[in-house]
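Here the structure comes first, spelled out in C-alpha cells, and everything after it is commentary.
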Amino acid sequence: MRFFRRSPPPPPPARPRVAADRRVYAVGDVHGRSDLLIRLLETILADHTARSTAEEAAGRPARRLQLVLLGDYVDRGDQSREVLDMLASLRAETRDDGLVLLRGNHEAALLEFLDDPSGGAAWLSFGGRQTLGSYGITLGMRPGGAELDAAAAALREALGARLGLLRTTVMLHRSGDVVFAHAGIAPGLPLSAQPEQALLWGRSRFLEEGPPEGLVVVHGHYDAPEPVIAPGRICVDTGAYYTGRLTALRLDAEQGFVHVDAGGAP
C-alpha cells in the first residue's frame, strides 16, 4: 500500500508567443560593435529566409520578419559611429514596423549629456568617452564646463540626422504576449505606466518578481556570457563589447538563439 505519491512534474513554461504572422529577432546590447552587428544581421537574414522557404514548401504562409533591437547601441566598444550609421541605413530600408529600436540607458545618458553637458557628464565614465572618440572628439581627464559644452556641441553636429534617430527610439514594444524592454519592467504597474527608471536602468524588483502572469519579457542590460532564461523573462545581453559575442533571440512558432562570435563563424 502506497502512502506517499510523487507529485506530478510541473508543466513546462509556456513558450513566448509573438504575433502569429511575425518572426521576431530580438538583438541584445551592441555597445559599439558594428563588426558583430553586420555579421549578426546577415545571419538573421539567412535564418529567416531558410525558415520562410520551409514554411512555403509546407503550404503555410511565410512569417514577416521583424527586428527588435534592445538598446545600448553606443558606448564601451570603439565603433559607436558605425553602429548608428548602420541603424540609420536599416531604418531607411525597412518598411512599416519591421524594425523596432528600443532605447537603452546608454542612449538616454548620451541624450542627457547633449541636453545638459555638465549635468550629464557622468556618461563619460561608463562609455561616453569611447563614443566621443568614434567621432574624433577627445576630452581632458577632468573637463570643465566650457570643455564639456564644446564636446557636446561637436557631438551634436557630428551626429547630424543620427540625433533624430536616437530621439525616436522607443521605451517598450509588445508582440503577442511578449514584451520587449531594455532592462525589464516594474512589476505591479500596467505597461502603459512604466517608469523610465525601470525600463532603461533596471531600477525595480523585476529580476526578483518577474512580469505579470501570462507575459514574457525579453530584455538586455544584464550582461552574461550566455543568454539567461528565467521564469517570465529572457535576457540576450551577452556582453558583446568584451566577450566578442552578439546574440539574438528568435521567436516564431518556436524559440531559439542565433549568435556570432568575433573572429569566428556563426
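Note that the sequence shown covers residues 194 to 459 in the working numbering.
We put the beta carbon where it would ideally sit given N, CA and C, even for glycine.
Span separating the alpha-carbon of residue i from that of residue j
| i | j | result |
| --- | --- | --- |
| D430 | T287 | 24 Å |
| G291 | L229 | 21 Å |
| R244 | L258 | 11 Å |
| P203 | L262 | Interpretation of P203 is limited by its pLDDT of 45, a score under 50 that renders its predicted location unreliable; no figure is taken from the coordinates. |
| L325 | P405 | 39 Å |
| P383 | L393 | 16 Å |
| H224 | Y415 | 13 Å |
| G264 | H375 | 6 Å |
| V217 | L260 | 6 Å |
| L303 | L238 | 30 Å |
| V410 | A339 | 42 Å |
| G221 | I231 | 13 Å |
| E305 | W316 | 8 Å |
| L356 | G252 | 44 Å |
| L307 | A346 | 7 Å |
| A314 | A344 | 11 Å |
| L277 | F373 | 20 Å |
| G297 | P388 | 13 Å |
| R396 | A219 | 22 Å |
| Q323 | L332 | 11 Å |
| T242 | Y434 | 28 Å |
| G158 | A391 | Residue 158 cannot be examined here, being either before or after the span of the chain that is shown, 194 to 459. |
Spatial neighbours of residue i in its chain, beta-carbon cut-off 7 Å, leaving aside the 5 residues before and after
| i | result |
| --- | --- |
| R274 | S327, Y328 |
| A255 | S245, E248, E249 |
| D342 | P310 |
| T440 | G221, P420, V429, T431, F450, H452 |
| D370 | P209, R210, G407, L408, V409 |
| L280 | Y266, L294, L358 |
Beta-bridge pairing of residue i - partner residues as DSSP gives them
| i | result |
| --- | --- |
| T440 | H452 |
| R215 | R257 |
| A423 | R426 |
| H412 | C428 |
| R367 | V372 |
| V293 | V261 |
| V267 | Beta-bridge pairing links V267 to no other residue. |
Residue-chain proximity (residue i, chain B), Cβ-Cβ < 8 Å
| i | result |
| --- | --- |
| V293 | Included in the structure is just one protein chain, with no chain B present. |
Same chain only: Cβ atoms within 6 Å of residue i, ignoring 5 sequence neighbours per side
| i | result |
| --- | --- |
| R335 | none |
Close beta carbons around residue i, own chain, < 8 Å, minus the five adjacent residues each side
| i | result |
| --- | --- |
| P418 | T431, G432, T436, R438 |
| R284 | L292, L294, L358 |
| S300 | Per the sequence shown, residue 300 should be read as Glu rather than Ser. Here the set comprises G264, D265, Y266, V267, L359, T362. |
| S282 | none |
| Q272 | G225, R226, S227, D228, S327 |
Residue i versus the options, residue with shortest Cα-Cα distance
| i | options | result |
| --- | --- | --- |
| I330 | S311, I237, L352, D309 | L352 |
| E401 | S368, H224, P380, L359 | P380 |
| L294 | F306, G413, A315 | G413 |
| L348 | L260, R216, P310, G407 | P310 |
| D268 | F319, L359, R398 | F319 |
| F484 | G407, P420, G425, S385 | For the chain, the structure presents residues 194 to 459; residue 484 sits outside this window and is missing. |
| G270 | G369, R226, T361, V276 | R226 |
| G456 | G221, L356, L233 | L233 |
| P420 | V453, A354, G313 | V453 |
| H385 | G403, A219, M364 | For the record, residue 385 in the displayed sequence is Ser; it is not His. With distances taken between Cα atoms, S385 lies closest to M364. |
| C428 | F450, G313, E389 | F450 |
| G312 | E350, F373, G337 | G337 |
| G407 | G297, R367, L277, G333 | R367 |
| G377 | G333, A354, A423 | A423 |
| D289 | R215, G403, A391 | R215 |
Distance cut-off 7 Å: residue i Cβ against heavy atoms of the ligand MG
| i | result |
| --- | --- |
| L229 | Inclusion of the ligand MG in the displayed structure is not the case, the ligand content being empty and no account of it being possible. |
message = Three Cβ pairs or more, each shorter than 8 Å: is that satisfied between the stretch 208–215 and the stretch 435–448?
response = yes
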